[in-house]
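A short worksheet on the structure shown next.
There are 6 protein chains.
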Amino acid sequence: MNREDRYGYGMKVLEQVDGEAGQRIVDSLADTSPELGHQVVAWAFGDMYSRPELAAKERQLVTLGVLTALGGCEIELEVHINAALNVGLTATEVSEALLHSAVYCGMPRSINATLVAKKVFAERGLLPITNLS
Amino acid sequence: MNREDRYGYGMKVLEQVDGEAGQRIVDSLADTSPELGHQVVAWAFGDMYSRPELAAKERQLVTLGVLTALGGCEIELEVHINAALNVGLTATEVSEALLHSAVYCGMPRSINATLVAKKVFAERGLLPITNLS
Amino acid sequence: MNREDRYGYGMKVLEQVDGEAGQRIVDSLADTSPELGHQVVAWAFGDMYSRPELAAKERQLVTLGVLTALGGCEIELEVHINAALNVGLTATEVSEALLHSAVYCGMPRSINATLVAKKVFAERGLLPITNLS
Amino acid sequence: MNREDRYGYGMKVLEQVDGEAGQRIVDSLADTSPELGHQVVAWAFGDMYSRPELAAKERQLVTLGVLTALGGCEIELEVHINAALNVGLTATEVSEALLHSAVYCGMPRSINATLVAKKVFAERGLLPITNLS
Amino acid sequence: MNREDRYGYGMKVLEQVDGEAGQRIVDSLADTSPELGHQVVAWAFGDMYSRPELAAKERQLVTLGVLTALGGCEIELEVHINAALNVGLTATEVSEALLHSAVYCGMPRSINATLVAKKVFAERGLLPITNLS
Amino acid sequence: MNREDRYGYGMKVLEQVDGEAGQRIVDSLADTSPELGHQVVAWAFGDMYSRPELAAKERQLVTLGVLTALGGCEIELEVHINAALNVGLTATEVSEALLHSAVYCGMPRSINATLVAKKVFAERGLLPITNLS
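Protein chains in written order, with the UniProt record's numbering: chain A, 1 to 133; chain B, 1 to 133; chain C, 1 to 133; chain D, 1 to 133; chain E, 1 to 133; chain F, 1 to 133.
As structure tokens, this is what we get:
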């Protein structure tokens, strides 16, 4: 595959996760770092997300854990909370993943991520979430 | 103690630190992660803050160090700079704690935390701070 | 539930994840911070892990993401890579979760976590892993 | 040198890097932590930046790497992306340094830093950047 | 004060906190980064620790919070847990500060720091600690 | 280019930086995460390092900044301090880059990275370093 093929393939994978948000990020990087936009699509999605070793839901659970722990990734969390819902996780499961993170990275990171989830859930009409317990 | 008792007890401890801000956080989480709000009150305050091994001022000094080092915790720093003042630390001592952190986590984290302190001190009419040295 | 009941309940939940490693951590903390050992069991496992909103496998995927991103958590990663295998994730899935993290927290954190996985997989006779792709 | 001399000397060094932005930070800290403002000038610039062991461009490359990795340092990144351009790095080189960081600290930190660069480059009329490859 | 005076003054302040450990760090840096050793003494202790705005105990509480949150600072934690005991904090208070940090930066960072405290407390014959509650 | 071509191309780029150390990392990952080893070579070196927008020395300065700030990356710092020397930075410049980082990520990260440099410099017979100032 050449460079354009790799991008095209990555974009197809991205479209199954969150194509619109992905395109927005690529567009926002176009004049400042076109290569970063290319790598998000061609590498992160084309090379990594496309692998069958983990299901789409499982990739988003890992991603939510990493982004919550890093902190300061509100933009990316918004993309990936949407992505998590797009691939079939429920709002309850997303909320629980962010709660669970508090054990390992503390309350502030968990609260900050949950406030991003609140925004996404509100936009998608998913509030209030339903708890099982 | 049952679940409600633990929450009630935590809320009493929280009220001695910063009840109003604590309630605001719990409220903001209510529709997205009610359990996270519950754990902030019942666990963080009911189980941890209530222990006599450290004085309230000392807990806030540790908390300011952790939150400054983590970065990206402006919301939580605002709560805990208020809390630090509520339990008897002076604005000078709070400012100095954030300055001291610069040795260990660098200038940017210290500056960012100090700009949150500036906002809190201004709201409470404590600017300019008085330095001893 | 009283304090002892909460600990006992947490220990039952912990035993379904990684009882032996959990007990080792509690024991190692007994003379320095018995309360920390208590909270790991009573709070982290009794309160958080016991909730039905996420399956055991899903909790470990989030945990692996958080611990990989934090860095410097080799001891805890060893516990949770074992835990992940105990609750039914395959070595291939664990390895892939750590690889996936590289997109979000970079190659060094991913490599460091993978070297912990190498140790755990070796001890359990799981090397070399089998890739699907 | 006395305290004032050290400050004066640091300010001269700072002026060669980004005097206006530096003065703005010192001013913003004046009523809350005058000592932090003093140390930014007298220590960071007077003691550290003034050393001949690294060229000005090289110091900014290291600084961009550190600030991108830390995350949550948008204010400081804005200062230092301007500083990097002031001391002779091109917009292409700055953009590439932030892209390169993605290998080591992941895509989100790299994207966040690049969006700060986008703002700075736009203000200075440097968009779109010119890539060599 | 000239450069040597500043170093001498810092060393006097350092001696009141943990002179032996401080000297060991300076010595270990002597052939690789003599300036870093100089700055630890002349700046961190001479400029920052010497200020009267916070008591020695209070500086160590902030320091323990920052180092616990950063992670990967076992060498520095060992110095500062010793320093905390040297300036009058009890082992119980140190242990509690590390426990308290768990609320804000999670269990793994708190456990890792507590295991450093275990080593220091053992060397000083302070185990087991005595809890008040 | 197909998958093997991309790997081969990356390995050529890696050989100009630190081929031996790179091969050691790929080998150490072979049974646990062969894809991670592949991506380090094919993506990090083949796609990113090969770009002409930054010189090899400049890439290592950014890398040293990122790795110092992250913390807990002693293995990777050892590779990249060697790499920095391989591409023409002097020991004095490497040491200064790690010292400079202290301004932005604090003394402990800077000390930890410098102790890795001490080990590398000793192995290469470069101690003591020569300072210009």
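The C-beta atom is built at its ideal place from N, Cα and C for all residues, glycine as well.
Got a sec, what are the start and stop residues for the alpha helix (DSSP H) Tyr104/C sits in?
To locate residue 104/C, count along the third sequence from 1; it is residue 104. Ala91 to Cys105 is the span of the alpha helix (DSSP H), which, as asked, contains Tyr104/C.
Going along the chain, which residues of its own chain have a beta-carbon closer than 6 angstroms to the beta-carbon of Ala83/D, five neighbours each way excluded?
Residue 83/D sits at position 83 when you count from the first residue of the fourth sequence. Only Val17, Asp18 and Gln60 meet the Cβ criterion.
Between Ala42/A and the rest of its own chain, which residues show a CB-CB distance below 6 angstroms, the 5 nearest in sequence each way excluded?
The count along the first sequence starts at 1 and reaches residue 42/A at position 42. Within the same chain, Ala42/A has close Cβ partners Arg6, Tyr7 and Gly10.
Supposed close pair Asp47/F, Gln23/A - CB separation, criterion 8 angstroms
Against the sixth sequence, residue 47/F aligns to sequence position 47. Against the first sequence, residue 23/A aligns to sequence position 23. Their Cβ separation, rounded to whole angstroms, is 21 angstroms, which puts Asp47/F and Gln23/A out of contact at 8 angstroms.
So is Gly65/E in contact with chain B if we call contact Cβ pairs under 7 angstroms?
To locate residue 65/E, count along the fifth sequence from 1; it is residue 65. Yes, contact with chain B.
Using a Cβ-Cβ distance under 7 angstroms, would Ala117/C count as near chain F?
As a first step, residue 117/C is located in the third sequence; it is residue number 117 there, counting from the start. Yes, because at least one Cβ of chain F sits closer than 7 angstroms to the Cβ of Ala117/C.
Which chain B residues sit within Cβ distance under 8 angstroms of Asp47/C?
For the purposes of this step, residue 47/C is identified with residue 47 of the third sequence, where counting begins at 1. Residues of chain B passing the Cβ test: Gln39 and Trp43.
DSSP three-state assignment for Glu53/B, whether helix, strand or coil:
By 1-based counting over the second sequence, the position of residue 53/B is 53. In this structure, Glu53/B counts as coil in the three-state DSSP scheme.
Length at least 4, wholly inside the segment 31 to 89 of chain E: the alpha helix (DSSP H) runs in chain order:
34 to 39, 56 to 70 and 74 to 86
To the nearest angstrom, how far is it from the Cα of Lys119/B to the Cα of Glu74/C?
Taking the first residue of the second sequence as position 1, residue 119/B is located at position 119. Taking the first residue of the third sequence as position 1, residue 74/C is located at position 74. Each residue's alpha carbon lies about 39 angstroms from the other.
If you check the beta carbons only, do His33/D and Thr90/B fall under 7 angstroms apart?
Taking the first residue of the fourth sequence as 1, we reach residue 33/D at position 33. Taking the first residue of the second sequence as 1, we reach residue 90/B at position 90. It should be pointed out that residue 33/D corresponds to Ser in this sequence rather than to His. Their beta carbons are not under 7 angstroms apart, which means Ser33/D does not touch Thr90/B by this criterion.
Hey, how far is the Cα of Ile100/E from the Cα of Ile129/E?
What you label residue 100/E is simply residue 100 of the fifth sequence in a count that begins at 1. What you label residue 129/E is simply residue 129 of the fifth sequence in a count that begins at 1. A quick correction: the sequence has His, not Ile, at residue 100/E. Approximately 16 angstroms between the Cα atoms of the pair.
Contact belief for Asn131/A with Glu58/C at Cβ below 8 angstroms, rounded distance in angstroms:
Along the first sequence, read from residue 1 onward, the residue named residue 131/A stands at position 131. Along the third sequence, read from residue 1 onward, the residue named residue 58/C stands at position 58. No, Asn131/A and Glu58/C are not in contact; Cβ-Cβ is about 16 angstroms, not under 8 angstroms.
Beta-carbon of Val79/D versus every beta-carbon of chain F: anything under 7 angstroms?
To locate residue 79/D, count along the fourth sequence from 1; it is residue 79. No - not a single Cβ of chain F is within 7 angstroms of the one on Val79/D.
Ignore the nearest five residues each way along the sequence and tell me which others in Arg124/C's own chain have a CB closer than 7 angstroms to its CB.
Against the third sequence, residue 124/C aligns to sequence position 124. Leu85, listed in sequence order.
Taking all protein chains shown into account, decide if Glu15/C is buried (16 or more other Cβ within 10 angstroms of its Cβ) or exposed.
Working through the third sequence from its first residue, we reach residue 15/C at position 15. Label assigned to Glu15/C: exposed.
Using C-beta distances below 7 angstroms, list every residue in its chain close to Leu98/D, excluding the 5 sequence neighbours before and after it, in chain order.
The residue given as residue 98/D occupies position 98 in the fourth sequence. Within the same chain, Leu98/D has close Cβ partners Leu64, Thr68, Ser110, Ala113, Thr114 and Ala117.
State the Cα-Cα distance for the pair Ile25/C and Gly37/C, rounded to the nearest angstrom.
Start at 1 with the first residue of the third sequence, and residue 25/C comes out as number 25. Start at 1 with the first residue of the third sequence, and residue 37/C comes out as number 37. Taking the straight line joining both Cα atoms gives about 7 angstroms.
When you compare only the Cα positions, how much space is there between Ser95/F and Gly71/F?
The residue given as residue 95/F occupies position 95 in the sixth sequence. The residue given as residue 71/F occupies position 71 in the sixth sequence. About 16 angstroms.
Between the alpha carbons of Arg51/D and Ser133/C, how many angstroms are there, rounded?
Numbered from 1 along the fourth sequence, position 51 holds the residue referred to as residue 51/D. Numbered from 1 along the third sequence, position 133 holds the residue referred to as residue 133/C. Each residue's alpha carbon lies about 52 angstroms from the other.
Look at Val87/C and Ala56/C and say whether their C-beta atoms are less than 7 angstroms apart.
Sequence index remark: in the third sequence, residue 87/C carries index 87 (1-based). Sequence index remark: in the third sequence, residue 56/C carries index 56 (1-based). In this structure, Ala56/C lies closer than 7 angstroms to Val87/C by Cβ.
So Tyr104/B and Val66/E are supposed to be a Cβ contact under 8 angstroms. How far apart are they, rounded?
Translated into positions along the second sequence, residue 104/B becomes position 104. Translated into positions along the fifth sequence, residue 66/E becomes position 66. That pair is a contact at about 4 angstroms.
Under 7 angstroms between beta-carbons, which chain A residues line up against Ser95/D? List them in chain order, please.
Here residue 95/D refers to the residue found at position 95 of the fourth sequence. Within chain A, the residues near Ser95/D are Thr32 and Ser33.
Proximal residues to Leu77/F (C-beta, below 6 angstroms), its chain only, five neighbours per side dropped
Counting from 1 along the sixth sequence, the entry for residue 77/F is found at position 77. So the qualifying residues of the chain are Leu67, Ala113 and Val116.
Considering Ile25/E, what are the terminal residues of the alpha helix (DSSP H) in which it resides?
As a working mapping, residue 25/E is identified with position 25 in the fifth sequence. Arg3 to Leu29 is the extent of the alpha helix (DSSP H) around Ile25/E.
From this set, Arg3/F, Phe121/F and Asn2/F, which residue's C-alpha is nearest His80/F's C-alpha?
Taking the sixth sequence and counting its residues from 1, one reaches residue 80/F at position 80. Nearest of Arg3/F, Phe121/F and Asn2/F to His80/F, Cα basis: Phe121/F.
Taking 7 angstroms as the threshold (beta carbon to beta carbon), is residue 148/C in contact with chain F?
Since the first residue of chain C shown is 1 and the last is 133, residue 148/C is not available in this structure.
Helix, strand or coil for Asn112/B per DSSP?
The count along the second sequence starts at 1 and reaches residue 112/B at position 112. Note: Asn112/B maps to helix in three-state DSSP.
Roughly how many angstroms lie between the CA atoms of Val13/D and Leu126/B, to the nearest whole one?
If you number the fourth sequence from 1, residue 13/D lands on position 13. If you number the second sequence from 1, residue 126/B lands on position 126. Near 33 angstroms, if we compare the C-alpha coordinates of Leu126/B and Val13/D.
What does the Cβ neighbour count give for Glu93/F, buried or exposed, with the cut at 16 atoms within 10 Å?
As a working mapping, residue 93/F is identified with position 93 in the sixth sequence. It counts as buried.
Would you say Val103/E lies against chain A (beta-carbon separation less than 7 angstroms)?
By one-based count along the fifth sequence, residue 103/E stands at place 103. Yes, Val103/E counts as interfacial toward chain A.
Rounded to a whole number of angstroms, what is the C-alpha to C-alpha distance between Arg3/C and Asp31/B?
As a first step, residue 3/C is located in the third sequence; it is residue number 3 there, counting from the start. As a first step, residue 31/B is located in the second sequence; it is residue number 31 there, counting from the start. Going from the Cα of Arg3/C to the Cα of Asp31/B covers about 29 angstroms.
Alpha-carbon spacing of Val62/E relative to Pro108/E, whole angstroms:
On the fifth sequence, residue 62/E is found 62 positions in, with the first residue counted as 1. On the fifth sequence, residue 108/E is found 108 positions in, with the first residue counted as 1. About 19 angstroms.
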